[in-house]
Structure formats: structure tokens, C-alpha cells
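Data first, discussion second: the structure below is written as C-alpha cells.
Numbering (this note's numbering), first residue to last: 50 to 640.
Now the structure itself:
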């Protein structure tokens, strides 16, 4: 089914128009005539509406939590009435509140209230020094366990060396967990492994496909490195953060997102993880935290919370999601519009759990998807039938292909369906599959902050995968040119959620080692649409948010520069001056 959206040629034309001048070619939009004094009119700004028919405006009026009118200043003033309050924005840039189409803000908030080691220099002495400082200050402990976040993936090549240091001496009886920046990998010292039951005997008895989720020597002695299944095994043995810690993390996460101009997001694992366990009716995940935030008036964003389902565990899980929808239906600003499925893991060495269509060069392995195709097809069909969007984590080209196959089955079964499903990450997409996104109305939610030439995309990826697959890395422009709807996403806390940094990277693809496939650079206008209307589509809320139009929620962001016309370097440094959510300023000043 072909989506009815402007194609790239139209986006390019809009971008060129913006570079030349701010043209206001459309008539004003008006919800209703108003003379009430609680109406505010904002003028003297470069206003980007994200409405395809009229993307630019001179003024906007809001009343309460809604937009009243958008258009030329004269037209908006007529609608707003004489007693309107007027605010001069002094030539700043005004746009819809931005939306992150794939993030984990509750866990992101945890990295803000717990210790986070941001250095990527690969220095083990520096890492150990940082750990010692946390121990001495007794910070970042959950129960008796020291937990550190944001460890650069380059450290995992030295897992045995970490074990030689952090499982002995003062650390011998102290449980220590280092969480990788990708949130798929972890390192745990011997004290943790003993508690989790991970030893040589355990590893020998595991099936070969499960052994691949652990690091160990030729004698099956573990070195502490774990990924996905192994990570979940570790986490099951750890003490849980207190409700107070989770609430503090929730507050921190919401405030961080608001500070970046983000007024909505898809929480991509509000319940569950990649362990493959069935969704339990008893597990509410972070939904109670969102409910408490909303109750306290602190949930200043639209949140689409997605439970993680395992297709291999059967379609009965869909009924559990429907029950969750009913249980949390009255929570302000919270919806549960769909389900999350993991198709595979991650591609980087030494993890290598992503599903590629050709074997990993170093091991000769082809990693299967985390689902059987028949069970995936059945799950997507059942979700689609129940009005639930399906949001799939797919890194490898094989995982993307299998996910598209399942969506194609659903489209054929329901050819008139308008529900849009989503593939997120799509780090590698085979050329023959790129046009299938548009054909089957599948949105690509991309983390283009990662599209850069550096160690993360070269050193720990390129030597290990087939060259033909490597050349399809983050094929954003190819997807766009073939009609795909592109949504902006961060996967925070795996990396910053800052939209303008991601837009800069999408446009330049520049890294420490040069440019990563320059032909895949994205146009500026396309990225602004990606973080507004298209991301709202991912949340299934385009009818009420994502653009500036009469009757929609008054979610606005004021920026210090014209992000449509400045250079790429200036775009990267753009600052959010103020964020408004539902007509109320929730960050900064000026609105």
C-alpha cells in the first residue's frame, strides 16, 4: 500500500524555498473566532508548521492547551481578537514540539541519577579509578551492587583484563556491574556471576546458540562479558532499584527531554526486554511510574508506551496488552498504542547478535532472528487485527527482511488497513528491500546520530561483515528516495536525545574517520519533518500533535536560530530557548 505523503522532490523544493525566503502562501487556519483575553498571539518569528500544504507562517495564536490560528500576522490577529495578548519572538525560530520515535527515557533518567562513565578512550586505569571513586563515595549502588552506566563498547574487547582486576582484591566480594552504552551488553565481575550462577559448568551445558551470549575462554571460564540473553540472566539476580529511585529517574528523564524541545516520545520497552520471555499480566514495567508522574502533573510529554512481546510465546500476549490499555486508559498523556518486538540484537564485535543475510567473517555464523517467521507473521496479524501498531527492533539486513515479510503478510490480509507499523534502527537494509517500506506503509524510525565514520561503524563492524552488507549501513537517503516515511529517533540513553545533533549528523555523516557513505546524506527539511509530523505518526497521534495547525495541542519549541537556513555546524549548536507543552511552558523562557 503506497503512502499518501509528499515525496523527496517536494521536500527538496520546500527546503530550497526556505533557503531563499520565508514564503507564507497559505491562508490562515482558524479553529474558531475568539475574543477571549486568555488567547496569546506569537509573532515576529520564523515559524515552521510541519504542515505540507503550508509549512511556514508569520504568527500563531493559542488558547489554553490548543492552537487557535496559524498563518500571516494579519489573518491570525483577526481570528485572535482585539484583547489578545501579543508576544514578540524577536525573529527567533518557532516549530512544533519535537517527538522522539524510539527512546527509553525512564532508563535514560536512571543514567542521570546514577553514575555514568562517558569516556571512550579505552583506558582501563581511568575506568578503574572512576569505579574506585564511586565505591569510596558509596554512590551508584543498588542494594549491595555497584552499577555503572554508559560504558563504551570498545572496553568489551578487554573483558578478561577487566576481570583480572575487578574480581580480585578489594573487589572480590563486591558485586560490580558495568552496563554498555548500547543497553544490550554488560560486564559483571565474579561476585555477580556467582550469584547469577554463571560459571564454566553452566556455560558448558547451554545450547550452542545460547553460549554465544557470553564471553568465556577455551575452558568455558567466563570473563564477565554478556549480551542480551546473558545480560538478562545477570539482571534477574540483581537487586531492584527502589520506587523512589525510579520516580527520581522519571522526573530527570522527562525534564531532560523537555530541555531538548521534546514533547513526546515512544517508550520502546516500557515493559519487558529482549529475553524472549512472554509478556506477563503481573508485570507493569515502568507504567506505574508514568502514572505517578501524570498524577503529580510532572508528565509533560505525550508518551506512547510499548510492551515487549516475544512472537515465539504466542499471540495470547496481545490480549494482555489490551488489558493494559484498559488499566491505564485514564492516565493523562499516556497511551499504549502498540507492541515492541526484537528481531535481532546488535552487530558490533564481540556481540555479533544481529541477523545478517551472510555469515560473520570471523566466526562463519549466520545468527537467526529471535523469532520463527511463522510466529512473527501470526503476531503481526493478531496485533494489526486488534488495532495495535507493531514496532520492530531490526539491525541486520536479514532481520529487516524478515520483519518486512511479516508486515507484507498483514497488508495482504488487510489491504485496506491504515495502521502504520514501524521498523526501528534498520542499520543495514538490502537494496531490494528498501522500496518495501513505502509499498507496505512501514515507517523507518532511524537513529541517524549513529551514521558517522568512526570506530563504532568501522573498527568493530567493517572487518567482520560482508562488504556488500556493510555498504548498506544506515541507508537513510535511499529509503527516503524510494518513498519511505522517515521518523527521527535517538534510542536515548544509548546516545544523546538532542534532535539538532542528530539532524546535523544525518546531513553530514561526518566522523573522526571521514564521511560514512556521503550519498546517504539527508536534506534538512526531511529531518525537520522526521522529528515532528512523521514521529507523531509513529505514536499514532498525528491527528492531535506533530504539526502547528488549528485545533491541535499547543506544543511549541522556540529555538535561538533559523534551523532551516543556517549552516550544518550552526545547526548542531542550535539551542532550545523554551519548550511549551499543552499551552504551558515546561522549560526555559520566552513562550
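The beta carbon of each residue, even a glycine, is placed where N, CA and C say it ideally should be.
Check whether the Cβ atoms of residue 337 and residue 191 sit closer than 8 Å, and answer yes or no.
On the chain shown, position 288 is the one that residue 337 refers to. On the chain shown, position 142 is the one that residue 191 refers to. Not closer than 8 Å, so no.
Just how far apart, CA to CA, sit residue 577 and residue 265?
As a first step, residue 577 is located in the chain shown; it is residue number 528 there, counting from the start. As a first step, residue 265 is located in the chain shown; it is residue number 216 there, counting from the start. Computed Cα separation, rounded: 45 Å.
Please identify the residue among 459, 345, 323 and 369 whose C-alpha is closest to the C-alpha of residue 392.
Against the chain shown, residue 392 aligns to sequence position 343. The shortest C-alpha separation from residue 392 is found at 323.
Terminal residues of the beta strand (DSSP E) in which residue 194 lies:
Locating residue 194 in the chain shown gives position 145, where the first residue counts as 1. Unbroken beta strand (DSSP E) run through residue 194: 194-200.
Just the C-alpha distance for residue 617 and residue 170, rounded to the nearest angstrom, thanks.
Here the question's residue 617 lines up with position 568 in the chain shown. Here the question's residue 170 lines up with position 121 in the chain shown. One C-alpha to the other measures close to 27 Å.
Suppose only complete runs of 4+ residues qualify. What are the alpha helix (DSSP H) ranges in the region 89-120, listed by chain order?
Listed in chain order, there is nothing to give.
Using DSSP with H/G/I as helix, E/B as strand and the rest coil, what is residue 627?
Along the chain shown, read from residue 1 onward, the residue named residue 627 stands at position 578. Strand, per DSSP.
Where residue 80 falls: helix, strand or coil (DSSP)
Taking the first residue of the chain shown as 1, we reach residue 80 at position 31. At residue 80 the pLDDT is 49, less than 50, meaning the model places this residue with poor confidence; the figure from the coordinates comes in the next sentence. Reduced to three states, the DSSP call for residue 80 is coil.
Considering only their Cβ atoms, is the gap separating residue 248 from residue 197 smaller than 8 Å?
Residue mapping note: residue 197 aligns to position 148 of the chain shown, counting from 1. Residue mapping note: residue 248 aligns to position 199 of the chain shown, counting from 1. No. Outside cutoff.
Among 482, 427 and 479, which residue has its Cα nearest to the Cα of residue 462?
Position 413 of the chain shown, counted from the start, is the residue given in the question as residue 462. Among 482, 427 and 479, the Cα nearest to that of residue 462 belongs to 427.
To the nearest angstrom, how far is it from the Cα of residue 145 to the Cα of residue 181?
By one-based count along the chain shown, residue 145 stands at place 96. By one-based count along the chain shown, residue 181 stands at place 132. Answer to the nearest angstrom: the Cα atoms are 45 Å apart.
In this structure, what does DSSP give as the bridge partners for residue 235?
The count along the chain shown starts at 1 and reaches residue 235 at position 186. Per DSSP, 228 and 275.
Spatially closest choice to residue 132 from 150, 116 and 110, by CA coordinates:
Looking up residue 132 in the chain shown gives position 83. Cα-wise, what sits closest to residue 132 is 110.
With burial defined as no fewer than 16 other Cβ atoms inside 10 Å of the residue's Cβ, what is the status of residue 317: buried or exposed?
The count along the chain shown starts at 1 and reaches residue 317 at position 268. Counting Cβ neighbours within 10 Å, residue 317 comes out buried, since at least 16 surround it.
Can residue 309 and residue 502 be called in contact, C-beta distance under 8 Å?
Here residue 309 corresponds to residue number 260 of the chain shown, with the count starting at 1. Here residue 502 corresponds to residue number 453 of the chain shown, with the count starting at 1. Residue 309 is not a Cβ neighbour of residue 502, given a cutoff of 8 Å.
Beta-carbon proximity check, residue 244 vs residue 286, cutoff 8 Å:
Counted from its first residue, the chain shown places residue 244 at position 195. Counted from its first residue, the chain shown places residue 286 at position 237. It is a contact, given that the beta carbons lie within the stated cut-off.
Tell me where the beta strand (DSSP E) around residue 355 begins and ends.
The count along the chain shown starts at 1 and reaches residue 355 at position 306. Run containing residue 355: 351-356, per the beta strand (DSSP E) assignment.
Between 97, 155 and 210, which has its C-alpha nearest residue 176's C-alpha?
By one-based count along the chain shown, residue 176 stands at place 127. Answer by Cα proximity: 210.
Can you give me the Cβ contacts of residue 602 inside the same chain, cut-off strictly under 7 Å, excluding the 5 residues immediately before and after it?
On the chain shown, residue 602 is found 553 positions in, with the first residue counted as 1. Within the same chain, residue 602 has close Cβ partners 114, 115, 593, 594 and 631.
Using alpha carbons as the reference points, say which of 121, 274, 538 and 544 lies closest to residue 241.
Taking the chain shown and counting its residues from 1, one reaches residue 241 at position 192. The residue with the shortest Cα to Cα distance from residue 241 is 274.
Below 8 Å, how does it come out for the region 484-496 and the region 374-383: are there three or more Cβ pairs, yes or no?
no
Between the region 420-438 and the region 507-526, do at least 3 Cβ pairs fall closer than 8 Å?
no
Looking at the strands, I want to know which residues DSSP matches up with residue 315.
Working through the chain shown from its first residue, we reach residue 315 at position 266. 353, per the DSSP bridge assignment.
Please confirm whether any heavy atom of the ligand COA lies closer than 7 Å to the CB of residue 455.
By its list of ligands, the structure shown contains no ligand whatsoever, and the ligand COA lies outside what it can speak to.
Only counting the same chain, and skipping five residues up and downstream in sequence, which positions put a Cβ closer than 8 Å to that of residue 214?
For the purposes of this step, residue 214 is taken as residue 165 along the chain shown, with counting starting at 1. These residues qualify, in order along the chain: 173, 177 and 220.
By a C-beta neighbour count over all protein chains shown, 10 Å radius and 16 as the cutoff for buried, is residue 554 buried or exposed?
Start at 1 with the first residue of the chain shown, and residue 554 comes out as number 505. Of the other Cβ atoms in all chains shown, 16 or more fall within 10 Å of the Cβ of residue 554; this residue is therefore buried.
Pair every Cβ in the region 415-427 with every Cβ in the region 439-452, then say whether three or more of these pairs are closer than 8 Å.
yes
Beta-carbon proximity of residue 494 to residue 521, cut-off 8 Å:
As a position in the chain shown, residue 494 is number 445, starting the count at 1. As a position in the chain shown, residue 521 is number 472, starting the count at 1. No.
Mapping DSSP to helix, strand and coil, what is residue 9?
For residue 9 there is no data in the structure shown, the boundaries of the chain being 50 and 640.
Would you please state the rounded distance, in angstroms, between the beta carbons of residue 625 and residue 608? I believe it to be under 8 Å.
Within the chain shown, the letter at position 576 stands for residue 625. Within the chain shown, the letter at position 559 stands for residue 608. 6 Å between Cβ atoms; contact.
With distances taken between CB atoms, is the gap from residue 314 to residue 352 smaller than 8 Å?
Sequence index remark: in the chain shown, residue 314 carries index 265 (1-based). Sequence index remark: in the chain shown, residue 352 carries index 303 (1-based). Contact flag set, yes.
Here's the rule I'm using: 16 or more other beta-carbon atoms within 10 Å means buried, otherwise exposed. How should residue 291 be labelled?
Against the chain shown, residue 291 aligns to sequence position 242. Exposed: under 16 other Cβ atoms inside 10 Å.
Whose C-alpha, out of 457, 620, 234 and 135, is nearest the C-alpha of residue 402?
Mapped onto the chain shown, residue 402 falls at position 353. The residue with the shortest Cα to Cα distance from residue 402 is 234.
Return yes when the Cβ of residue 150 is within less than 8 Å of the Cβ of residue 606, no when it is not.
Translated into positions along the chain shown, residue 606 becomes position 557. Translated into positions along the chain shown, residue 150 becomes position 101. The answer is no: Cβ separation not under 8 Å.
Out of 278, 373, 344 and 91, state which residue places its alpha-carbon closest to the alpha-carbon of residue 319.
Your numbering for residue 319 matches position 270 in the chain shown. Nearest option by C-alpha distance: 373.
Verify whether the separation of the beta carbon atoms of residue 256 and residue 263 is less than 8 Å.
The sequence position of residue 256 within the chain shown is 207, counting from 1. The sequence position of residue 263 within the chain shown is 214, counting from 1. No. Outside cutoff.
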